[in-house]
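Take a look at the structure below.
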Amino acid sequence: MRMPRSRRAGSGSVLAVALVLATLACGGDDAGPAAAGDATTARDDGGGGGPLTGDLTVLAAASLTDAFADVEAAFEEANPGVGVEVSYDGSSALRDQILAGAPADVFASASGSVMDEVVDAGAVAGEPTPFATNLLEIAVPAGNPAGVEGLDAFGDEDLLVGLCAEEVPCGRFGREALANAGVTPAPDTDEPDVRSLLDKVASGEIDAGLVYRTDVLSAGDDVEGIGIPDDVNVEATYPIAALEGGEDREAAAAFVSFVAGDEGRAVLASYGFGPP
Amino acid sequence: MTARRRVPTARTPWPLLPLAGLGVAFVAVPFVALLQQAPWSDLGRLLTEPLVTDALRISLTSAAAATGVVLVLGIPLAWVLARTRFPGRSVVRALVTLPMVLPPVVGGAALLYAFGRTGLVGGPVYDATGFLLPFSLRGVVVANAFVALPFLVITVESGLRAMDPRYEEAAATLGAGRWTTFRRVTLPMTTPSIVAGALLAWARALGEFGATVTFAGNLQGRTQTMPLAVFLARESDRGAAIALSLVLVAVSLLVLLPLRDRWLGA
Amino acid sequence: MLHAELALRLGTLALDLTLEVAEGEVVALLGPNGAGKTTALRAVAGLVPLDGGRIVLDGRVLDDPDTGTWVPPDERSVGVVFQDHLLFPRLTALDNVAFGLRARGARKADARARAAAWLDRVGLGTQAGARPRALSGGQSQRVALARALATEPRLLLLDEPLAALDVQARAHVRAELRRHLASFAGARLLVTHDPVDAMVLADRLVVVEAGRVTQQGTATEVTRHPRSPYVAELVGINLLAGTAAGERVVRLDGGAELTMADPLPAATVAVTVRPRAVALHRRRPEGSPRNAWEATVADVEADRDRVRVALDGPVPVTAEVTPAAVAELGLVPGTAVWASVKAVDLTAHEC
Chain A
1 MRMPRSRRAG
11 SGSVLAVALV
21 LATLACGGDD
31 AGPAAAGDAT
41 TARDDGGGGG
51 PLTGDLTVLA
61 AASLTDAFAD
71 VEAAFEEANP
81 GVGVEVSYDG
91 SSALRDQILA
101 GAPADVFASA
111 SGSVMDEVVD
121 AGAVAGEPTP
131 FATNLLEIAV
141 PAGNPAGVEG
151 LDAFGDEDLL
161 VGLCAEEVPC
171 GRFGREALAN
181 AGVTPAPDTD
191 EPDVRSLLDK
201 VASGEIDAGL
211 VYRTDVLSAG
221 DDVEGIGIPD
231 DVNVEATYPI
241 AALEGGEDRE
251 AAAAFVSFVA
261 GDEGRAVLAS
271 YGFGPP
Chain B
1001 MTARRRVPTA
1011 RTPWPLLPLA
1021 GLGVAFVAVP
1031 FVALLQQAPW
1041 SDLGRLLTEP
1051 LVTDALRISL
1061 TSAAAATGVV
1071 LVLGIPLAWV
1081 LARTRFPGRS
1091 VVRALVTLPM
1101 VLPPVVGGAA
1111 LLYAFGRTGL
1121 VGGPVYDATG
1131 FLLPFSLRGV
1141 VVANAFVALP
1151 FLVITVESGL
1161 RAMDPRYEEA
1171 AATLGAGRWT
1181 TFRRVTLPMT
1191 TPSIVAGALL
1201 AWARALGEFG
1211 ATVTFAGNLQ
1221 GRTQTMPLAV
1231 FLARESDRGA
1241 AIALSLVLVA
1251 VSLLVLLPLR
1261 DRWLGA
Chain C
2001 MLHAELALRL
2011 GTLALDLTLE
2021 VAEGEVVALL
2031 GPNGAGKTTA
2041 LRAVAGLVPL
2051 DGGRIVLDGR
2061 VLDDPDTGTW
2071 VPPDERSVGV
2081 VFQDHLLFPR
2091 LTALDNVAFG
2101 LRARGARKAD
2111 ARARAAAWLD
2121 RVGLGTQAGA
2131 RPRALSGGQS
2141 QRVALARALA
2151 TEPRLLLLDE
2161 PLAALDVQAR
2171 AHVRAELRRH
2181 LASFAGARLL
2191 VTHDPVDAMV
2201 LADRLVVVEA
2211 GRVTQQGTAT
2221 EVTRHPRSPY
2231 VAELVGINLL
2241 AGTAAGERVV
2251 RLDGGAELTM
2261 ADPLPAATVA
2271 VTVRPRAVAL
2281 HRRRPEGSPR
2291 NAWEATVADV
2301 EADRDRVRVA
2311 LDGPVPVTAE
2321 VTPAAVAELG
2331 LVPGTAVWAS
2341 VKAVDLTAHE
2351 C
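Take a look at the structure:
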């Protein structure tokens, strides 16, 4: 049956309106996973008991990039039945993904407060476990061309210096350390993540950046580190937790204890992380 | 005259309508969802915060300046590509298109290697004069102009190609030199494509993120543009991030809505 | 005075022709499409460089590849009226006409005043503020003409000036163009594919075929002695000037009267008749032809199967007949004959 043209046009826009209405009706609450979760006991032995199987998706903070590559390899070697995939991003971005329902098994955060938020939303299975610490360090280009000596450099208007943005953990800790040292920060840039800050130091575009010790080590010869006195330095504690949204609970729990246990700590230490 | 006739609307082929409807929905639904998430009660307070006003000021200033740079460099470049023949012309065109296909962060890194303090060109300039592009509004303008240039060049080049070059011949026979012809004949006749290209460039510059943060850095009040502020606000305050996003959308609409068809086309 | 020896190759066209236009003369370059006439015109305007030859205008060398002399178009003092007029769409008629003046340094107000005077001269003073798209074909042609003339060029070139007009407008605009051209003192060269345009507008025809000149001369000469099939078929037609002496009667300049089939379009007309439509008789003919007169054979020229017989008398035309007819009538210069032509074979054009 031939419909008059105007009616056909109408059906197209009705479709569009229907889509819009449907979306509005759905609501946009942060849908968190059900709070009821099994309490899984973490195993202390590395690979004992029945062989583990499964596929793990691990969300890890960006500063864990190199270290967790080794951890992943070591865990897979010890547990051949388990495949591990690690995804790296800023801790807050990972938090957003988890709360939006991303299917992940483990979350390793660079920030305790970010982990707390995930816990509060009921997305964590059990309790988070601290597994590493990281200290701040001043990064300067190889050869220290500007002759930077300490935290005072970050208040020096004549130097080009960079911090992490206040919104990310490294930026908060950095400003805390500067406050401890009585320095008023005068940065030329607040980089959104620690890696881009490190890049700018490594290329010599800025004279100094306030980063983690592990970052200084990872940059190799391009960057030199200048230590910060312990009494003003800030220690970041990294927590790890299994997530409610994951499927392989046993494997996730094993991974968490691996990381927090001796094997994990050894790997992390080789990258400059401290013990929890 | 006779009574007013009803002018029939264009006869649209039937498959186009539902597809067009889908296209509109595709773009409209995310906006609707964004609006739904907005913290309407906090909006007033959020919008007057220095974070927002600084970012808006920097974004608008740098986008406008970048558009100016792009017009000054891009129109002559488009003319050369459209009207002249020289060996390597296709290479030049590919180069000009490059910022459009490069991931913006890569573009920003390249800018740094070129114009940064230790850069190919920037290094010697800095050593000689102390002039620095990164970490300043100038740097934001450069990064914005870099990514926006191809949009203007491509649009204006096609506008020039569409224009009958015999008008320029007519002007020559009337005694107009090449510069006069360009000014009084070519430019006015390609105005629609220039306007369209400038708008695209401005919009691209306004939304630019990766190249800007990589090249110019991020500092509230000096180099932090709106997209940067949105990105960082997401870390701590989702409501603020959405509010900032809505401001960007509103500003863009303010510029796009008053556009008349005739400036863009006929 | 223009002296142009044009040798140039453009695509598949090889142009090799020489032409001259004297001061005060109107010359028409006439030929089929693709003959190279527009290319020749563009070379003279400086829009296309020569490969060989030279162009000299009033003693000044404009283009000479051998000596490396080249004057760009904006310095040539050659005005051009283009086929589709090419009025600048974003300028008013007044500013279009003023364009050349301002381009050469005149101040805006001064240029506009002079442009206004030119628009008045072509009868478009009231349209000064109009945009080109609001003008009719005939009006925009006049603006284009005024625009070219306003700069007072030494040479005026017109490229198919009537091609962009519809059939009804052509005859009228052609008559007007003839008057406007007459008021310009310099040399004028026009390009056309329409023989009637050429005959009405020009003093002398130069026929161009495949890049070369095949014939030149006045309309009468070309009609009497066509040198190529193109000329014989399309160019060599008779053109007679006259005035209206009745709804369908034309009085020719010599006093003779011709009766037309259709009402005359204007008070002053040009009447065309194809040579083959002129019939020759020993005695005054009977029958339908409205128009018959006694003439004297001026010249007889044979060409393949046709003979062109030029006639002197009250109606000076050339007839085209078969060799057999020539023999039968005993036509030699000086012979007296009767000529006739049917009213329906006569066409009157506004002039």
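The listed protein sequences derive, respectively, from chains A, B and C. Its first residue numbered 1, the first sequence is counted upward by one per residue in our numbering. Its first residue numbered 1001, the second sequence is counted upward by one per residue in our numbering. Its first residue numbered 2001, the third sequence is counted upward by one per residue in our numbering. For each residue, glycine too, the CB sits at the ideal point set by N, CA and C.
Practice task
Decide yes or no for the touch test of the segment 118 to 129 of chain A against the segment 241 to 257 of chain A: beta carbon pairs closer than 8 Å, at least 3 of them.
Solution key: Enough Cβ pairs lie closer than 8 Å, so yes.
Handout entry: Option nearest V2213 of chain C by Cα separation, candidates C:P2226, C:V2307 and C:D2203
Key = Of the listed residues, the one whose Cα sits closest to V2213 of chain C is C:P2226.
Exercise for the section: Please state whether DSSP places P4 of chain A in a helix, a strand or coil. Expected result: Caution is warranted here: a pLDDT of 42 is assigned to P4 of chain A, below 50, making its placement in the model unreliable, and the coordinate value is therefore given only provisionally. If DSSP states are grouped into helix, strand and coil, P4 of chain A belongs with coil.
Practice task
Return the CA-CA distance between A100 of chain A and P80 of chain A, expressed in angstroms with no decimal places.
Solution key: In this structure, the CA atom of A100 of chain A is about 31 Å from the CA atom of P80 of chain A.
Practice task
Assign T1012 of chain B to one of two classes, buried (16 or more other C-beta atoms within 10 Å of its C-beta) or exposed (fewer than that).
Solution key: Under this definition T1012 of chain B is an exposed residue.
Practice task
Please determine if the segment 2334 to 2343 of chain C and the segment 2290 to 2302 of chain C are in contact, where contact requires at least 3 C-beta pairs separated by less than 8 Å.
Solution key: For the pair of segments examined, the segment 2334 to 2343 of chain C was found to touch the segment 2290 to 2302 of chain C: the number of CB pairs separated by less than 8 Å reaches three.
Problem - Near-chain C residues of the segment 1148 to 1176 of chain B - C-beta to any C-beta below 9 Å - result: Taking 9 Å as the Cβ-Cβ cut-off against chain C, the residues of the segment 1148 to 1176 of chain B that qualify are D1164, R1166, Y1167, E1169, A1170, A1171, A1172, T1173, L1174, G1175 and A1176.
Exercise for the section: Evaluate the contact criterion for the segment 201 to 212 of chain A versus the segment 163 to 177 of chain A: three or more CB pairs, one atom per stretch, below 8 Å. Expected result: The segment 201 to 212 of chain A vs the segment 163 to 177 of chain A: in contact.
Exercise for the section: Identify every residue that forms a DSSP beta bridge with W2070 of chain C. Expected result: Looking at the DSSP assignment, W2070 of chain C forms a beta bridge with C:D2063.
Handout entry: Straight-line Cα distance separating A2148 of chain C from V2278 of chain C
Key = C-alpha separation (whole angstroms): 41 Å.
Problem - Beta carbon proximity, E127 of chain A to chain B, threshold 9 Å - result: Not one chain B Cβ lies under 9 Å of E127 of chain A.
Handout entry: Residue-level contact to chain A via CB, F1146 of chain B, 9 Å cutoff
Key = Not an interface residue.
Practice task
Output the boundary residues of the beta strand (DSSP E) element that contains P141 of chain A.
Solution key: Where P141 of chain A is concerned, the enclosing beta strand (DSSP E) stretches over V124 to P141.
Practice task
Please classify F1135 of chain B: does DSSP put it in a helix, a strand, or coil?
Solution key: Note: F1135 of chain B maps to coil in three-state DSSP.
Practice task
Give a yes or no on whether 9 Å exceeds the smallest Cβ distance from E1235 of chain B to chain A.
Solution key: For E1235 of chain B, the answer is yes, since a Cβ of chain A falls inside 9 Å of its Cβ.
Problem - Against chain A: residues of the segment 1094 to 1109 of chain B by CB proximity under 9 Å - result: Flagged, chain order: V1105 and A1109.
Exercise for the section: May I ask you to list, following chain order, the residues of the segment 1127 to 1138 of chain B that have a beta carbon less than 7 Å from some beta carbon of chain A? Expected result: For the segment 1127 to 1138 of chain B, the residues whose beta carbon sits under 7 Å from a beta carbon of chain A are, in order, P1134 and F1135.
Practice task
Pull up the distance between the alpha-carbon of Y271 of chain A and that of R265 of chain A, whole angstroms please.
Solution key: Straight-line measurement puts the Cα of R265 of chain A at about 10 Å from the Cα of Y271 of chain A.
Practice task
Taking T1180 of chain B as the query, report the chain C residues whose CB atoms sit under 9 Å from its CB, ordered along the chain.
Solution key: In chain order: D2074, R2102 and A2103.
Problem - Contact set between P1188 of chain B and chain C, taken where Cβ atoms lie within less than 9 Å - result: What P1188 of chain B touches in chain C: F2088, P2089, R2090 and L2091.
Practice task
Pull up the CB-CB distance for T237 of chain A and G90 of chain A, whole angstroms please, since I reckon it's below 8 Å.
Solution key: Between T237 of chain A and G90 of chain A, the beta carbon gap of about 17 Å keeps them out of contact (Cβ cut-off 8 Å).
Exercise for the section: Indicate whether at least one CB of chain B lies closer than 9 Å to the CB of L160 of chain A. Expected result: It does: the Cβ of L160 of chain A has a partner Cβ on chain B nearer than 9 Å.
Practice task
From the DSSP output, in three-state form, read off G1130 of chain B for me.
Solution key: Of the three classes helix, strand and coil, the one that applies to G1130 of chain B here is coil, per DSSP.
Practice task
Would you verify that the beta carbon of R1083 of chain B is, or is not, closer than 9 Å to some beta carbon of chain C?
Solution key: Judged by the 9 Å Cβ criterion, R1083 of chain B is not in contact with chain C.
Problem - Alpha-carbon spacing of T1225 of chain B relative to Q1037 of chain B, whole angstroms - result: Cα to Cα, T1225 of chain B sits roughly 22 Å from Q1037 of chain B.
Problem - Exposed unless 16 or more other CB atoms sit within 10 angstroms - verdict on S2140 of chain C - result: Label assigned to S2140 of chain C: buried.
Problem - Nearest residue (CA-CA) to S1158 of chain B, options B:R1138, B:I1075, B:L1206 and B:N1218 - result: The candidate whose alpha carbon is nearest that of S1158 of chain B is B:I1075.
Exercise for the section: Establish whether the CB of G2079 of chain C and some CB of chain B are separated by less than 9 Å. Expected result: Against chain B, the CB of G2079 of chain C has a partner CB under 9 Å away; the residue lies at that interface.
Handout entry: Selected residue, minimal CA-CA separation from V2303 of chain C, among C:V2321, C:V2167, C:A2198 and C:R2009
Key = Contrary to the premise, residue 2303 of chain C reads as Asp rather than Val in this sequence. Among C:V2321, C:V2167, C:A2198 and C:R2009, the Cα nearest to that of D2303 of chain C belongs to C:V2321.
Exercise for the section: Compute the Euclidean distance between the alpha carbons of D221 of chain A and G143 of chain A, then round it to the nearest angstrom. Expected result: Between the alpha carbons of D221 of chain A and G143 of chain A lies a gap of roughly 10 Å.
Practice task
Closer than 7 Å, Cβ to Cβ, to anything on chain B: give me those residues from the segment 2226 to 2246 of chain C, in chain order.
Solution key: If you check each beta-carbon in the segment 2226 to 2246 of chain C against every beta-carbon of chain B, none falls closer than 7 Å.
Handout entry: Residues of its chain near P1099 of chain B, where Cβ-Cβ distance is below 7 Å and the 5 sequence neighbours each way are ignored
Key = Excluding residues up to 5 positions away in sequence, G1107, F1146, V1147, L1149 and P1150 lie with their Cβ nearer than 7 Å to the Cβ of P1099 of chain B in the same chain.
Problem - Contact belief for T1214 of chain B with S196 of chain A at Cβ below 8 Å, rounded distance in angstroms - result: Rounded, the Cβ-Cβ distance is 7 Å, consistent with contact.
Exercise for the section: Just tell me which of C:L2155, C:T2347, C:T2039 and C:G2011 has its CA closest to the CA of L2261 of chain C. Expected result: Note on identity: in this sequence residue 2261 of chain C is Ala, with Leu being the wrong assignment. Out of C:L2155, C:T2347, C:T2039 and C:G2011, C:T2347 has the C-alpha closest to the C-alpha of A2261 of chain C.
Handout entry: Listed by chain order, chain B residues near S196 of chain A by CB distance under 8 Å
Key = Under the 8 Å cutoff, chain B gives V1213 and T1214.
Practice task
Compare the Cα-Cα distances from V2264 of chain C to each of C:R2274, C:A2244, C:V2273 and C:G2254 and report the closest residue.
Solution key: It is worth fixing the name first, because residue 2264 of chain C is Leu in this sequence and not Val. Taking L2264 of chain C as reference, the option from C:R2274, C:A2244, C:V2273 and C:G2254 with the minimal CA-CA separation is C:A2244.
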